[in-house]
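Asks:
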Amino acid sequence: MGLWHSLTGRSRVKAPDLDSLFAVPSAAITLETAPGFKPLGSGSVCYRAPAGAAYAAAETDVLALLRAAPDAPEVTVSVDSFGFTWLVSSGDPLDTGGLCTDLHAVNTTLTEQGFAGGLLCTMVPFADASGRHVGLVYLYKQGTFYPFAPKPGSGQERDNLLEMSVRDTLTGELPMEADLQRWLAIWGAPGL
Amino acid sequence: MARSRFLPDTGLTVRMTTVMFLLGGLFVALIVGLMYAFPPQYAPLFAIGGIGVAFYQWWSSDKVAMRAMRAREVSPAEAPELHGMIDRLCALADMPKPRVGISDSSLPNAFATGRSPARSVVCVTTGILQTLDAEELEAVLAHELSHVAHRDVLVMTVASSAGILAGMLTRAAQFGGMGMRRSSNNGGGTPAFLVALALSLVVYAISFFLTRLLSRYRELAADRAGAHLTMKPAALASALTKITGEINTIPKRDLRASSAMNAFFIAPAVAGVSLKTLTSTHPSLEERLEQLAKIQAELSRPTG
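If you read the protein sequences in the order shown, they are chains A and B.
Here the working numbering is used: the first residue of the first sequence is 717, the next is one more, and so on.
Here the working numbering is used: the first residue of the second sequence is 1092, the next is one more, and so on.
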């Protein structure tokens, strides 16, 4: 947002960057070979659902679109305690490419309806053989990724070492978020 | 390409920009007037003095405001809900996260201050935490973050610099008049300090109304931007209704302590006097609700 826009009070919500999502499948292969994290087959889009009839229609469209395919994934919609909507698609763990296409379809539909400003993040969960989970989170507005790893069994604690090592593994492949303060804690994200 | 549901309010922008230019013109007029009243080489000194005080107010705005409200900064561990909300809103708006403060006051209110978006503080009172539910609190925080994004502390201090200089001159002319009486008034005509006094009083009066007008426009702009950020204009509307309702029912004596901070509050704490519409720092509740209703209609309009 330019200085002139802020001085005249005309800030507008930033448009999301949608295309980086397609780099996830190759990052998934890297995560599987190096630290041994496998995709769980699910992925979610987190956004702010606006009040009103227009969004209700858009949601119906998205769900119909995702469920229309012959090998349709299971799609669920839930709202978290911060009032953000999570749309979760869970399908074949081997088909990360198909998952990304589905998530992209959600983004495009919301953008076409004029709700692009509400997109917060998308999350693809991974797990290793010892049961540790890590979510690869994409921030739409910043166009960057970061890892989110809750410690198994402990209330709300993050496994920062694991997060750092995942970041270092993926640094060459994905644009990773450099500002650690932007690494949002998404407790209770569906699929993690 | 997808259309945006954001409708810019051109009328509001034009009115706001006009007021800002008028305030700038007022400052220049004051300096030019002083150049006639005093030897011209003093004029830069006056200008630097006025701007210097305004600059100091802007530079230290976060510390002064936090101290005035007896607010303390809270860490994510102390206020996880509040930090979580602000984290998400900042990620949505792609802006740096401000520091978060809580002020121990039963008045339901919130304010944002600080010299730049990177050095700003968003502060809420314990009263507002008790009064509002999560959705309404988020709407209020989005309104305050919009103030930060619009650099309203900078805009309002620059806008008031003419008034600040005029206020300083009025004081100086009152005291200086006694000392200057013997030396300066030697050839008839009006003494310089009287001209300066009259001029600064006029400028102060005009600046007072213009800055209040500008403040009301900035509030409306922050309401718009905040409602578009959370996409829930109704939540902001119900928060405003609750806050203004509660503030006006609380006795006046408790309210005076916060009157220095009014321009930065989400709703003014002082109940109306005569000339209310001209001198209030915030637009009326009806005006704000009307704008939010328009945004709600635009958000829920189905695509044709």
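Idealized CB from N, CA, C, for every residue including glycine.
Since we're looking at a predicted model, the values are computed, not measured.
Note down the Cα distance separating A/Met880 from B/Ala1257, rounded to an integer number of angstroms.
Replies: The count along the first sequence starts at 1 and reaches residue 880 of chain A at position 164. The count along the second sequence starts at 1 and reaches residue 1257 of chain B at position 166. Straight-line measurement puts the Cα of B/Ala1257 at about 56 Å from the Cα of A/Met880.
Asks: DSSP three-state label for A/Phe798, please.
Replies: In the first sequence, the residue the question calls residue 798 of chain A occupies position 82. Three-state DSSP puts A/Phe798 in coil, outside helix and strand.
Asks: Starting from A/Phe861, trace the beta strand (DSSP E) both ways and give me its first and last residue.
Replies: As a first step, residue 861 of chain A is located in the first sequence; it is residue number 145 there, counting from the start. From DSSP, the beta strand (DSSP E) with A/Phe861 extends over 860-864.
Asks: Name the chain A residues that come within less than 7 Å of B/Arg1392, Cβ to Cβ?
Replies: Within the second sequence, numbered from 1, the residue matching residue 1392 of chain B stands at position 301. Ordered by position in chain A, the residues that pass the 7 Å Cβ test against B/Arg1392 are Ala770.
Asks: Could you tell me the distance, in whole angstroms, from the CA atom of A/Ala773 to the CA atom of B/Pro1393?
Replies: As a first step, residue 773 of chain A must be located in the first sequence, where it is residue number 57. As a first step, residue 1393 of chain B must be located in the second sequence, where it is residue number 302. Going by the C-alpha atoms only, they are around 8 Å apart.
Asks: Based on Cα-Cα distance, which residue from B/His1234, B/Pro1171, B/Ala1209 lies nearest to B/Ala1201?
Replies: Translated into positions along the second sequence, residue 1201 of chain B becomes position 110. Considering only alpha carbons, the answer is B/His1234.
Asks: Could you pull out every unbroken beta strand (DSSP E) segment of at least 3 residues lying fully inside the segment 740-787 of chain A, listed in chain order?
Replies: 758-763
Asks: Tell me whether the beta-carbon of A/Leu934 lies closer than 8 Å to the beta-carbon of A/Thr792.
Replies: Only positions 717 to 908 of chain A appear in this structure, which leaves residue 934 of chain A out of reach.
Asks: What residues in its chain sit with their C-beta under 8 Å from that of B/Gly1254, if we drop five residues either side in the sequence?
Replies: Here residue 1254 of chain B is taken as the residue at index 163 of the second sequence, counted from 1. The answer, listed in chain order, is Val1294, Tyr1295, Ser1298, Phe1299, Thr1302.
Asks: Quick check: the segment 1120-1132 of chain B against the segment 1281-1291 of chain B, are at least 3 beta-carbon pairs closer than 8 Å?
Replies: yes
Asks: Between A/Gly859, A/Leu782, A/Ala905, which lies nearest to A/Ala731 when the distance is taken from Cα to Cα?
Replies: As a position in the first sequence, residue 731 of chain A is number 15, starting the count at 1. Nearest C-alpha to A/Ala731: A/Gly859.
Asks: Nearest CA to the CA of B/Lys1188: which residue from A/Asp895, A/Val853, A/Ala784?
Replies: As a working note, residue 1188 of chain B is residue 97 in the second sequence. Checking every option, the nearest Cα to that of B/Lys1188 belongs to A/Asp895.
Asks: Going by the beta-carbon positions, is the gap between B/Met1322 and A/Gly834 smaller than 8 Å?
Replies: Position 231 of the second sequence, counted from the start, is the residue given in the question as residue 1322 of chain B. Position 118 of the first sequence, counted from the start, is the residue given in the question as residue 834 of chain A. Their beta carbons are under 8 Å apart, which means B/Met1322 touches A/Gly834 by this criterion.
Asks: Since A/Lys857 meets chain B, which of its residues come closer than 9 Å, beta carbon to beta carbon?
Replies: Indexing the first sequence from 1 puts residue 857 of chain A at position 141. Residues of chain B passing the Cβ test: Ala1182, Leu1183, Ala1184, Asp1185.
Asks: Apart from the five residues just before and just after A/Val822, which ones in its own chain have a Cβ nearer than 7 Å to its Cβ?
Replies: In the first sequence, the residue the question calls residue 822 of chain A occupies position 106. Answer for A/Val822: Val761, Val778, Leu803, listed in chain order.
Asks: Just to confirm, are A/Ala765 and A/Gln829 a CB contact at a threshold of 8 Å?
Replies: For the purposes of this step, residue 765 of chain A is taken as residue 49 along the first sequence, with counting starting at 1. For the purposes of this step, residue 829 of chain A is taken as residue 113 along the first sequence, with counting starting at 1. No, they are not a contact pair.
Asks: Residues of chain B with CB closer than 9 Å to the CB of A/Leu910, please, in chain order.
Replies: With chain A covering only 717 through 908, there is no way to say anything about residue 910 of chain A.
Asks: Would the segment 1213-1220 of chain B count as touching the segment 1154-1173 of chain B if we require 3 or more Cβ pairs under 8 Å?
Replies: The segment 1213-1220 of chain B, when compared against the segment 1154-1173 of chain B, does touch it at the 8 Å Cβ threshold.
Asks: Using only the alpha-carbon positions, how far apart do B/Val1212 and B/His1238 sit?
Replies: The sequence position of residue 1212 of chain B within the second sequence is 121, counting from 1. The sequence position of residue 1238 of chain B within the second sequence is 147, counting from 1. The alpha-carbon atoms of B/Val1212 and B/His1238 are separated by roughly 11 Å.
Asks: Kindly confirm or deny that the segment 718-728 of chain A and the segment 855-874 of chain A touch, where touching means at least three C-beta pairs closer than 8 Å.
Replies: no
Asks: Check each residue of the segment 1232-1261 of chain B: if its Cβ is closer than 9 Å to any Cβ of chain A, include it; give the result in chain order.
Replies: Ser1237, Ala1240, His1241, Arg1242, Asp1243, Leu1245, Val1246
Asks: Any beta carbon from chain B within less than 8 Å of A/Ser736's own beta carbon?
Replies: For this step, residue 736 of chain A is matched to residue 20 along the first sequence. So no, A/Ser736 is outside the interface.
Asks: Using CA atoms only, rank isn't needed, just tell me which of A/Phe798, A/Asn876, A/Pro866, A/Phe861 is closest to A/Phe738.
Replies: By one-based count along the first sequence, residue 738 of chain A stands at place 22. If we check each option's Cα against that of A/Phe738, A/Phe861 comes out closest.
Asks: Looking at B/Leu1380: is its Cβ nearer than 8 Å to the Cβ of A/Gly768?
Replies: Numbered from its first residue, the second sequence carries residue 1380 of chain B at position 289. Numbered from its first residue, the first sequence carries residue 768 of chain A at position 52. No. Outside cutoff.
Asks: Starting from the C-beta of A/Asp875, find all residues in its chain whose C-beta is less than 6 Å away, skip the five residues before and the five after it, and write them out in chain order.
Replies: As a working note, residue 875 of chain A is residue 159 in the first sequence. Here the set comprises Ala865, Lys867.
Asks: Comparing C-alpha positions only, which one of B/Thr1222, B/Leu1136, B/Leu1198, B/Ala1318 sits nearest to B/Arg1383?
Replies: Numbered from 1 along the second sequence, position 292 holds the residue referred to as residue 1383 of chain B. One detail in the question is off: residue 1383 of chain B reads as Leu in this sequence, not Arg. The shortest C-alpha separation from B/Leu1383 is found at B/Ala1318.
Asks: Do we get a CB-CB distance below 8 Å when we pair A/Val822 with the residues of chain B?
Replies: Indexing the first sequence from 1 puts residue 822 of chain A at position 106. No - not a single Cβ of chain B is within 8 Å of the one on A/Val822.
Asks: What's the C-alpha gap between B/Arg1399 and B/His1373?
Replies: Only positions 1092 to 1395 of chain B appear in this structure, which leaves residue 1399 of chain B out of reach.
Asks: Quick one: is A/Ser794 buried, meaning 16 or more other Cβ sit within 10 Å of its Cβ, or exposed?
Replies: Residue 794 of chain A sits at position 78 when you count from the first residue of the first sequence. The residue in question, A/Ser794, is exposed, as its Cβ has fewer than 16 Cβ neighbours within 10 Å.
Asks: Do B/Ala1240 and B/Ala1184 have their C-beta atoms within less than 8 Å of each other?
Replies: Reading the second sequence from its first residue, position 149 is the one you call residue 1240 of chain B. Reading the second sequence from its first residue, position 93 is the one you call residue 1184 of chain B. Remark: C-beta atoms of B/Ala1240 and B/Ala1184 approach each other more closely than 8 Å.
Asks: Would B/Thr1104 pass as an interface residue toward chain A - the criterion being a Cβ-Cβ separation below 8 Å?
Replies: Taking the first residue of the second sequence as 1, we reach residue 1104 of chain B at position 13. With 8 Å as the cut-off, B/Thr1104 counts as an interface residue toward chain A.
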